[in-house]
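Under the working numbering, think of the first position of the sequence shown as 1101, with each following residue one higher.
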Amino acid sequence: MTIELTLQGARIMRPGGWDSGSVSFSGGVICDAPVGRVIDLSGYDVLPGIVDLHGDGFERHLAPRRGALREREAGVVAVADEIAAAGITTAVLAQFWSWEGGMRGHDFAGKVFASIAAVKDSITIDLRQQLRFETHCLDDILAMEQMLDHWSIDYVVFNDHLPHARLSEGRKPPRLTGQALKSQRNPEEHFRMMTDLHNRSADVPAAMDALCARLAAKGIRMGSHDDNTPQERETWRARGAKISEFPETLAAANAARTAGDGIILGAPNVVRGASHAGNASARDLIAEGCCDALASDYHYPSPARAAWRCVEKGLLDEEQAWALVSSGPAKLLGLADRGSIRDGLRADFVVMDPATRRIVATIANGQIAHMSGPVGTRFLT
């Protein structure tokens, strides 16, 4: 059912900054003239909906305990509700295909994508999919490509989580036993598997060159995860992976910036003020101009909070900061129909209480995705 509304009285964040006009929408699209009922939002702010380029916080909804929940489609619906409450109107769910197994294994990946496909057309926000592929899973490449084709996945990010330094010395990595048991593997078997994968490292570059060439020919967007050195970024760029996701060092981020690659940083890192893994601070990278988008990573409320933290710390003004969670990520995904409040774009809005910066309503594609508290009376009366 089409909703036609005109929101007036609020401050509205447009591409040129704040204004006190009105914004109208019909059929899921922003209109250039008033339509429908007029909603008085005096005292509130209206901002573009958040575009989240990378989030894996959905895992706890789809598998809260090993073997305890089978109805994953209900889990995806719960994820969508949580995402909407965080002001996210477009969400990329990042699912692993990794040697780690369990929730990061290929079997679970297939179940996740099937669950998303089953419900995505019945929920309000735009759910999208990203596959994170471990570079050393050489024997899985064909099956992975088949999964991309089957579920029409058009975004792939590559990472390498093997602890190569320890494996090269024949030492077991920390937390190996817990990791193995979560994947329902014997710890010794798990260690042998990791060692075998490490020993095939020399085969990885050629395999990734060929794989990326095939994916690029299909128009699949590609990125690399946790770039540590300029050389790593240059290697992935040469393969067509033009997005640097969560670079670990300023040097790697600068290499991406100089070449014009897209840079995604973790919003929780900005909120915290430092990387939990001891890598470069996202705040420092933003101060250096090395950020195009902030992503939720593992915590969906963080993008909105991170934008305001950038303002509080004097790193960016309000429009620049919010662009990192709206128009910036939309541009990286090639989504020209969203990310800003402009006539003709998708009606994706966040309604915020400026006193608390709490998100009180989310409108996605012209539909109410979330609403809480006194603002509801403005829409109902």
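Yeah, the Cβ is synthetic: ideal placement off N, Cα and C, and Gly gets one too.
Asked, Found
"Helix, strand or coil for residue 1382? Go by DSSP, reduced to three states.", "helix"
"Would you check if there are 3 or more beta carbon pairs closer than 8 Å linking the stretch 1296 to 1310 to the stretch 1321 to 1333?", "no"
"Whole angstroms is fine: what's the gap from residue 1418's alpha carbon to residue 1473's?", "25 Å"
"Look at the alpha carbon of residue 1205 and the alpha carbon of residue 1255, and state the distance between them as a whole number of angstroms.", "18 Å"
"So the alpha helix (DSSP H) residue 1199 belongs to, where does it begin and stop?", "Note, residue 1199: premise wrong, no alpha helix (DSSP H); not H, not E."
"Counting only runs that start and end within the stretch 1446 to 1471, where is the beta strand (DSSP E) found for 3 or more residues in a row?", "1449 to 1453, 1458 to 1464, 1467 to 1471"
"Compare the Cα-Cα distances from residue 1105 to each of 1135, 1151, 1239, 1447 and report the closest residue.", "1135"
"How would you write the range of the alpha helix (DSSP H) that residue 1183 sits in, first residue to last?", "1172 to 1185"
"What three-state label does DSSP hand residue 1111 in the structure shown?", "strand"
"Where does residue 1428 fall in DSSP's three states?", "helix"
"Count the other C-beta atoms from every protein chain shown that fall within 10 angstroms of the C-beta of residue 1438, then say buried if there are 16 or more, exposed otherwise.", "buried"
"In the DSSP assignment, the alpha helix (DSSP H) including residue 1268 goes from what residue to what residue?", "1264 to 1268"
"Identify whether residue 1228 lies in helix, strand or coil by the three-state DSSP scheme.", "strand"
"Could you name the residues that DSSP lists as bridge partners for residue 1400?", "BP columns for residue 1400 are empty, so no partner."
"What's the gap between the Cα of residue 1227 and the Cα of residue 1429?", "14 Å"
"Indicate whether residue 1362 and residue 1382 have their beta-carbon atoms separated by less than 8 Å.", "no"
"Helix, strand or coil for residue 1301? Go by DSSP, reduced to three states.", "helix"
"Should residue 1159 and residue 1197 be called a contact, given that it needs their Cβ atoms to be closer than 8 Å?", "no"
"Run the CB neighbour count on residue 1280, radius 10 Å, all protein chains shown included, and call it buried at 16 or more, exposed below.", "buried"
"Thinking C-beta only, is residue 1162 closer than 8 Å to residue 1212?", "yes"
"Just the C-alpha distance for residue 1262 and residue 1146, rounded to the nearest angstrom, thanks.", "44 Å"
"Quick check: residue 1433 and residue 1394, are their CB atoms within less than 8 Å of each other?", "no"
"So what's residue 1218 in DSSP terms, helix, strand or just coil?", "helix"
"If you reduce the DSSP assignment to three classes, tell me which class residue 1345 lands in.", "strand"
"Among the residues of its own chain, which have a CB less than 6 Å from the CB of residue 1118, if the five just before and after it don't count?", "1111"
"Starting from the C-beta of residue 1142, find all residues in its chain whose C-beta is less than 6 Å away, skip the five residues before and the five after it, and write them out in chain order.", "1109"
"Could you give the DSSP three-state label for residue 1259: helix, strand or coil?", "strand"
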